[in-house]
Ligand SMILES: *Cc1c(COP(=O)(O)O)cnc(C)c1O
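Residue numbers (full-length UniProt numbering): 1 to 395.
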């Protein structure tokens with residue numbers, strides 16, 4: 001009785017295997033809401049698939065996953081400007097640094113942590129090895145050293161190093177836009193950075209990249225055989241094929257409502273006879289959350305205008321469907337329930353039925369994840385109606 005994510009796990013895992021062939025040594029990105037699956041679930045799966053290195057979004061996500069999973073390397077993608085704590089004195093983390101301020105902050109933070117002589121780490125006498133990636137600014141203009149700064153980065157690193165903190169540059173990192181930048185331009189930026197790094201002595205034996213096609217990736221590895229390229233993959237790994245997943249919501253209650261009768265949180269009046277259908281999933285699950293889309297072209301703009309006019313009359317189209325038709329919200333979604341309006345005369349679902357729901361996977365949180373049963377685990381006695389096996393309740 002919940003908002004459920006059904007996953008064809010076998011197909012999904014074989015996509016991960018194919019990805020390894022297309023992008024050898026790729027780095028799975030596990031961050032945010034875990035692309036709808038949850039970070040813990042994704043971490044379980046990549047460990048089982050034999051991956052040793054992952055990238056997470058924030059230092060908090062690194063702390064969370066380190067409690068339950070053990071990876072060789074965890075790249076923290078977002079630059080850090082908050083304080084660190086004792087739990088952060090761990091090897092294996094790699095911080096992304098894209099400015100002198102970020103570098104200073106990170107080193108100073110570790111310095112403060114290590115200046116406390118009671119720390120177990122300090123007692124070993126060995127300096128703490130702080131692993132970083134040099135973030136190269138791309139056309140994205142989101143974080144990253146300017147190409148003109150490349151010559152100064154090593155000096156800035158030496159400036160913040162001490163007896164307690166040693167900095168190791170694990171490589172370069174660049175993040176490209178998804179669209180609007182052709183491969184020649186991406187190649188040029190990579191080439192400029194590799195050249196600049198070589199000239200000034202920055203370690204550039206490894207470079208982390210993103211948003212490239214397999215052909216483009218191969219092209220890079222041929223062009224710079226001395227550089228080990230690693231592809232970071234999030235959406236294209238977890239959500240590349242929509243046919244692997246189904247998202248559904250259980251009908252929890254159905255109540256008749258007469259025209260003019262009041263109902264719900266807002267005690268609005270029903271504008272016609274019909275049915276109120278309560279389904280699982282509300283704001284806490286990301287229902288009703290839309291991220292601002294950039295409209296392109298007349299058709300998209302007209303569509304937005306029509307919806308805006310509907311909104312003026314408190315009519316909101318919901319992401320739930322029944323028999324192929326999009327349904328209307330009766331009122332704004334609650335925390336874990338949404339109330340839909342079915343006008344009388346239309347087919348109405350029964351309690352316990354499941355309605356398909358379309359959610360944005362990067363903002364959705366599901367109550368349950370149900371994966372196809374593994375063939376080996378099928379004992380034959382399992383009930384046929386049972387669609388799958390609840391492997392993991394996503395917190
Ligand atoms: C999130 C992120 C990725 C993965 O992005 P997707 O669009 O989800 O594939 C790659 N690189 C960086 C730096 C990121 O922050």
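Ideal placement from N, C-alpha and C gives every residue a C-beta, glycine not left out.
- For the 9 angstroms CB-CB criterion, residue 276 and residue 340 form a contact.
- Per the coordinates, the alpha-carbon of residue 178 lies some 36 angstroms from the alpha-carbon of residue 159.
- Checking the DSSP bridge columns, you'll see residue 340 partnered with 277, 329.
- In the DSSP assignment, residue 143 falls outside any beta strand (DSSP E) and carries neither an H nor an E.
- For residue 29 and residue 262, the gap between their C-alpha atoms comes out near 47 angstroms.
- When DSSP assignments are scanned along the region 23-55, the uninterrupted stretches of beta strand (DSSP E) that are 3 or more residues long and fall wholly within it turn out to be 27-30.
- Taking a contact as a CB-CB distance under 8 angstroms, the pair residue 197 and residue 139 does not count as one, their CB atoms being some 19 angstroms apart.
- Around the beta carbon of residue 311, fewer than 16 other beta carbons lie within 10 angstroms, which makes this residue exposed.
- About 16 angstroms separates the beta carbon of residue 130 from that of residue 101, a gap too long to meet the 8 angstroms contact definition.
- About 5 angstroms separates the Cβ atoms of residue 249 and residue 3, confirming a contact at the 8 angstroms cut-off.
- Per DSSP, the beta-bridge partners of residue 257 are 274.
- Listed in chain order, the non-local C-beta contacts of residue 74 below 8 angstroms within the same chain comprise 53, 54, 55, 56, 62, 65, 66, 92, 93, 94, local neighbours out to five positions each way being set aside.
- The set of residues with a C-beta under 5 angstroms from any non-hydrogen atom of ligand 1 comprises 29, 77, 175, 210, 232, 234, 235, given in chain order.
- Annotated as distal: residue 203 and residue 163, with beta-carbon spacing of 9 angstroms or more.
- Taken through DSSP and simplified to helix, strand or coil, residue 310 comes out as helix.
- For the 9 angstroms CB-CB criterion, residue 71 and residue 49 do not form a contact.
- A residue is called buried when at least 16 other Cβ atoms come within 10 angstroms of its Cβ; residue 191 does not meet this threshold and is exposed.
- Straight through space, the alpha carbons of residue 173 and residue 231 are spaced by roughly 10 angstroms.
- Runs of the beta strand (DSSP E) spanning 3 or more residues and lying entirely within the region 71-103 occur at 73-76, 93-97, in chain order.
- Taking C-beta separations shorter than 7 angstroms and ignoring five residues to either side along the sequence, the partners of residue 121 in its chain run 89, 114, 128, following chain order.
- Looking from the CA of residue 107, the closest CA among 205, 81, 135 belongs to 81.
- Looking at the DSSP output, residue 106 sits in no beta bridge, so it has no partner there.
- Cβ-Cβ distances below 8 angstroms link residue 154 to 200, 201, 202 in the same chain, with the five nearest sequence neighbours on each side left out; the list follows chain order.
- Listed in chain order, the beta strand (DSSP E) elements of length 3 or more contained wholly in the region 150-191 are 165-174.
- Taking the Cα positions, residue 353 is about 21 angstroms away from residue 8.
- In this structure, residue 207 sits away from residue 189, with a CB-CB distance that is not shorter than 9 angstroms.
- Per DSSP, residue 122 is one residue of the alpha helix (DSSP H) stretching across 120-123.
- Looking at the DSSP output, residue 268 shares a beta bridge with 263.
- The closest CA to that of residue 291, considering only 224, 186, 135, 359, is found on 359.
- Contact between the region 211-224 and the region 9-18 is absent: fewer than 3 CB-CB pairs across the two stretches fall below 8 angstroms.
- Under the 10 Å beta carbon count, residue 325 is surrounded by fewer than 16 other beta carbons and is classified as exposed.
- DSSP places residue 63 inside the alpha helix (DSSP H), whose first and last residues are 59-68.
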